[in-house]
Ligand code: GAR
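Numbering (the UniProt record's numbering), first residue to last: 1 to 208.
In structure tokens, the structure reads:
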């Protein structure tokens, strides 16, 4: 039984997708905690309502990134995580923190990485005239929005798209690929070899 700790900063819809999939599909895992850097994060309400332990480590209360990351790490580690899932966690993390969770921390980013790291990805895709956009699940490494890719989903960019319409189309796919990727991890079907992700498919070739 693997312990998953999920970090959020806001709405938490990806966290919700992971929690729902775990429950519906009976993964060999439990959500040990949902932790937010913002006390007002909407997603905390969902977690509390499901009886999932929650914690807040408010970055506002720390003078430096290093102090915040140290407090966050201490809180996460109280829950003995096998996997840390960044689900709309909008903080840049320090290298020692990332190193501590090397090979056991995943992130979802709303673009087809390596395209458009950072913020404002949907507008960036529109401004660049992309025909396709999407989302990426990747292992977290010290370089922001880099790291071995586990899964990507693509959506078309349609005429007349706005940031809102495009982000909504991408979000539907995020809610599929993040549970898929987390499930691969908890089923021990993910490995990193020479910096690349290897996925062990099930015997019938199905991804999950
Ligand atoms: C998601 O679109 C996620 O990909 C993005 O924030 C949103 C969070 O939504 N993450 C990032 O931009 C990380 N750099 P959610 O709180 O409803 O899951």
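We put the beta carbon where it would ideally sit given N, CA and C, even for glycine.
This structure is a prediction, so every number in the text was calculated from the model and none was measured.
Assign residue i to one of three DSSP states: helix, strand, or coil.
i: residue 297; result: Shown here, the chain extends from 1 to 208; a query on residue 297 therefore has no answer.
i: residue 165; result: helix
i: residue 131; result: coil
i: residue 191; result: strand
i: residue 7; result: strand
i: residue 13; result: helix
i: residue 96; result: helix
i: residue 52; result: coil
With which residues is residue i paired in a DSSP beta bridge?
i: residue 106; result: 85, 139
i: residue 152; result: 136
So is residue i buried or exposed if we call it buried at 16+ other beta carbons inside 10 Å?
i: residue 61; result: exposed
i: residue 38; result: buried
i: residue 32; result: buried
i: residue 88; result: buried
i: residue 8; result: buried
i: residue 112; result: buried
i: residue 168; result: exposed
- Say whether the segment 92-104 touches the segment 121-135, bearing in mind that this needs 3 or more beta-carbon pairs closer than 8 Å, one atom from each stretch. no
- Segment contact flag, the segment 74-85 with the segment 132-139, C-beta cutoff 8 Å, min 3 pairs: No, the segment 74-85 does not touch the segment 132-139.
- Task: Indicate whether the contact test is met: 3 or more Cβ pairs, each with one atom in the segment 138-154 and one in the segment 175-183, closer than 8 Å.
- Result: yes
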